[in-house]
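Engineer: After the structure tokens below, expect a handful of questions from me.
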Amino acid sequence: MFRLTTAVRRRAFSTKSLTLVEKKKEFVHDYSVLPSSLQYRLPENEVPIEEAKKTIRLNANVLKTVLEEGGVESLKYQKNLASFLEYPLTNSKKLSRRRERPRACKMLTRDFIEDSLYNPNYGYFSKEAEIFHPAKPFDYKNLKSQEDFMAHWLKAYDKYDHENEPSNEAKEQRITRPSLQLWHTPTELFQPYYGEALARYLLVNYKLTQYPYNDLIIYEMGGGNGTLMLNILNYIRERQPDVYARTKYKIIEISGRLAEKQKQSAIELRLKAEGGDHKDKVEIINKSIFEWKEVVSDPCFFIGLEVFDNFAHDVVKYDINTQQPHQGYVLIDQNGDMREYFSPRLDGWTEAFLTLREEGRYPVLHAPGPRLWGQHPLEKPVFYNQMKNSLNPLRAELSDSEYIPSRLLQFFLILKEKFPEHRLLASDFHSLPDSSPGYMSPVVQTMLNDRMVTTDSYMVLQGYFDIMFPTDFELMKDMYRQVVGKICKTSTHREFLEQWSDIDATTTKTGENPMLDLYVNASFMLS
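Structural data, given as structure tokens:
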């Protein structure tokens, strides 16, 4: 796991006078223990701090007792439980007002992840992330093959390499800028054809269900560089000018830096528009969707491309004997070290998710039929979990982790209450390579020395890592039905594009189609 190192000060001795020159001690982090190595389990009922210091011992067995008595600070469960009770509980909203990363506090896992990604002062998307944008669209008809496309794609990265070169002064000081956190999206890679496919879908469904009684109102959450907005509006203006005249496009963007880019794209669109005053065509709203207060009663389309994967998740573990769920917390001590605690007390969103899943079409705890050896922690045989616990008592009789999309569930409720007449058009990843341990676990990655580095824990230095989760689209389709009360369907990335895109425009000379062949681990969700 990538971590920032801390210099260790040493004591200096004078061999002549035998006097000790004392220097101020500096705390030394114990990097032999990862934040996810230990599972601190909390009791059913909280007890006074002094009582916790004296009496609480979790899962005592011979091996664990030996480790505890060995003097390793991180294994002193009584002290760690007392620390959990002593430290105040905070959340991502409170942390958004801070300029420095928090210490001496605790928070739910989803608040830690949201703070890591979206804190306006040190969050990943506030300062590190850059979205790849080619200078011009790729000319697929003149590309020999998909391999040729990949070569042109890599060549398009040259401008970012040049922009990220350290200055001569930095080179002399042996200081370089952090590696550029560059990530790509199908919207940018396959512009304008990808956006035009979505525009066709929007136009057809608008004409079938809303035209001519309502305007075409489009909301996009997380608009990136504003490229999708440009591609959709350009296509509507060229193909359906009468619809374009009554079209409004609104982007809801949490990142102030990306919101500025989108405003520049809107200006570019207005400059290209022929005739008329289009200043009211586009609106950039710089706020989080989770802070949305206004009720939009008009029918609208709501677009969300590759935003579910960066919605904050909670982590849950289950008692291997009783199957009782325990919710994860992150405790950050006064030295900045992180620990993961699990409490049987569930917050409202976690409890709601687990309840809806059991009441829906894909229950886990009360699944019908014989239980097979599945991927979910509750689908593992009891003897298997007990054996793992006996070999590693630090598991505290808890299962492997499950990551649940509590923020996505909250987003569905916002759609129901604030956008009651919406139609959802969303796409994201249903699976991710190189994910960390656990069920529906994230990929935690960063660019270091121009190489992608992954780690096996989400508890990393806030703001330096992208934390991406896969989406279980069939389960989310069912939860959308339960929460919003509307039916939606899912399709693979390829199926959607085969129906709505101009396939010939992205086909190479050999007949290969990068837009169809890439992103095979992505799906669409349509209501």
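Numbering of the sequence shown is given in the UniProt record's numbering, commencing with residue 1 and proceeding in unit increments.
Quick reminder that beta carbons are idealized off the backbone N, C-alpha and C, glycines included.
What are the start and end residues of each continuous alpha helix (DSSP H) run of 4 or more residues lying completely inside the region 403–467, in chain order?
Structural biologist: DSSP runs (the alpha helix (DSSP H)) wholly in the region 403–467: 406–418.
Engineer: Roughly how many angstroms lie between the CA atoms of C300 and S343, to the nearest whole one?
Structural biologist: Their Cα atoms are separated by approximately 41 Å.
Engineer: Roughly how many angstroms separate the alpha carbons of L415 and L189, rounded to a whole number?
Structural biologist: Near 29 Å, if we compare the C-alpha coordinates of L189 and L415.
Engineer: Is the beta carbon of Y329 sitting closer than 7 Å to the one on K106?
Structural biologist: Result yes, Cβ atoms of Y329 and K106 sit closer than 7 Å.
Engineer: Just tell me which of R41, R103 and L42 has its CA closest to the CA of G336.
Structural biologist: Of the candidates R41, R103 and L42, the one whose C-alpha sits nearest the C-alpha of G336 is R103.
Engineer: For P377, name the three-state secondary structure that DSSP assigns.
Structural biologist: Three-state DSSP puts P377 in a helix.
Engineer: When burial is assigned at 16 or more other CB atoms within 10 Å of the CB, is G511 buried or exposed?
Structural biologist: Exposed.
Engineer: Rounded C-beta distance between D298 and E421? I'm assuming under 8 Å.
Structural biologist: Confirmed, about 6 Å.
Engineer: Following the continuous alpha helix (DSSP H) through I113, name the residue where it begins and the one where it ends.
Structural biologist: Taken as a continuous stretch (DSSP letters only), the alpha helix (DSSP H) holding I113 covers T109 to Y118.
Engineer: Helix or strand or just coil, what does DSSP make of D319?
Structural biologist: Residue state, collapsed to three classes: strand.
Engineer: Output the distance between the C-alpha atoms of L305 and F429, rounded to the nearest integer angstrom.
Structural biologist: Approximately 10 Å, taken between the alpha carbons.
Engineer: I want to know whether the region 383–390 touches the region 137–154 - three or more CB-CB distances under 8 Å.
Structural biologist: Taking 8 Å as the limit for Cβ pairs, the verdict is that the region 137–154 does not touch the region 383–390.
Engineer: Here's the rule I'm using: 16 or more other beta-carbon atoms within 10 Å means buried, otherwise exposed. How should Q324 be labelled?
Structural biologist: Exposed: under 16 other Cβ atoms inside 10 Å.
Engineer: Looking at C-beta atoms only, is the number of pairs between the region 120–139 and the region 490–500 that lie closer than 8 Å three or more?
Structural biologist: In short, these stretches do not touch, since the Cβ pair count stays below three.
Engineer: Distance, Cα to Cα, F13 vs H29?
Structural biologist: Because F13 sits at a pLDDT of 32, beneath the cut-off of 50, its placement in the model cannot be relied upon, and the point is left open.
Engineer: How many Å lie between R237 and I487 at the Cα?
Structural biologist: Near 31 Å, if we compare the C-alpha coordinates of I487 and R237.
Engineer: DSSP state of E512, grouped into three classes?
Structural biologist: DSSP places E512 in coil when its eight states are reduced to three.
Engineer: Between which residues of its own chain and K418 is the CB-CB distance below 6 Å, once the five residues before and five after are set aside?
Structural biologist: Same-chain partners within the cutoff: W292 and V295.
Engineer: Between the alpha carbons of L42 and K93, how many angstroms are there, rounded?
Structural biologist: So the alpha carbons of these two residues sit roughly 25 Å apart.
Engineer: What residue does the alpha helix (DSSP H) around V520 start on, and which one ends it?
Structural biologist: Element bounds for V520: n/a, residue is neither H nor E.
Engineer: Please state the DSSP three-state secondary structure of F302.
Structural biologist: F302 falls in the strand class under three-state DSSP.
Engineer: Take the Cβ of S435 as the centre, count every other Cβ of all protein chains shown within 10 Å, and call the residue buried at 16 or more, exposed below.
Structural biologist: Buried, by the Cβ-count rule.
Engineer: Measure the C-alpha to C-alpha separation of S399 and K380 and round it to an integer number of angstroms.
Structural biologist: Near 9 Å, if we compare the C-alpha coordinates of K380 and S399.
Engineer: Rounded to whole angstroms, what is the Cα-Cα separation between Q210 and L409?
Structural biologist: Distance between the alpha carbons of Q210 and L409: 27 Å.
Engineer: What is the DSSP secondary structure of L81, counted as helix, strand or coil?
Structural biologist: It is helical.
Engineer: Is the Cβ-Cβ distance between S427 and A522 less than 7 Å?
Structural biologist: Closer than 7 Å, so yes.
Engineer: Using DSSP with H/G/I as helix, E/B as strand and the rest coil, what is W183?
Structural biologist: It is a strand residue.
Engineer: Using 7 Å as the threshold, is the C-beta distance between L203 and Y362 below it?
Structural biologist: The answer is no: Cβ separation not under 7 Å.
Engineer: Per DSSP, what kind of secondary structure is D504 in: helix, strand or coil?
Structural biologist: Helix, per DSSP.
Engineer: To the nearest angstrom, how far is the alpha carbon of Q39 from that of Y341?
Structural biologist: Cα to Cα, Q39 sits roughly 6 Å from Y341.
Engineer: Closest to I142 by CA distance: which of D504, S527 and M525 is it?
Structural biologist: As written in the sequence, residue 142 is Asn, which differs from the Ile given in the question. Nearest of D504, S527 and M525 to N142, Cα basis: D504.
Engineer: Once the 5 residues before and after S126 are set aside, which same chain residues still bring their CB inside 8 Å of it?
Structural biologist: Contacts found: Y118, N119, P120, S255, G256, R257 and G463.
Engineer: Of the residues D215, L356, Y403 and L208, which one's Cα is nearest the Cα of P470?
Structural biologist: Checking every option, the nearest Cα to that of P470 belongs to Y403.
Engineer: Measuring alpha carbon to alpha carbon, tell me which of E44, S37 and S83 ends up nearest Q334.
Structural biologist: That would be S83, whose Cα lies nearest to the Cα of Q334.
Engineer: Tell me the rounded alpha-carbon separation between D139 and V460.
Structural biologist: D139 and V460: Cα-Cα distance of roughly 41 Å.
Engineer: Is the separation between the beta-carbon of Y439 and that of L378 shorter than 7 Å?
Structural biologist: No, the Cβ-Cβ distance between Y439 and L378 is not below 7 Å.
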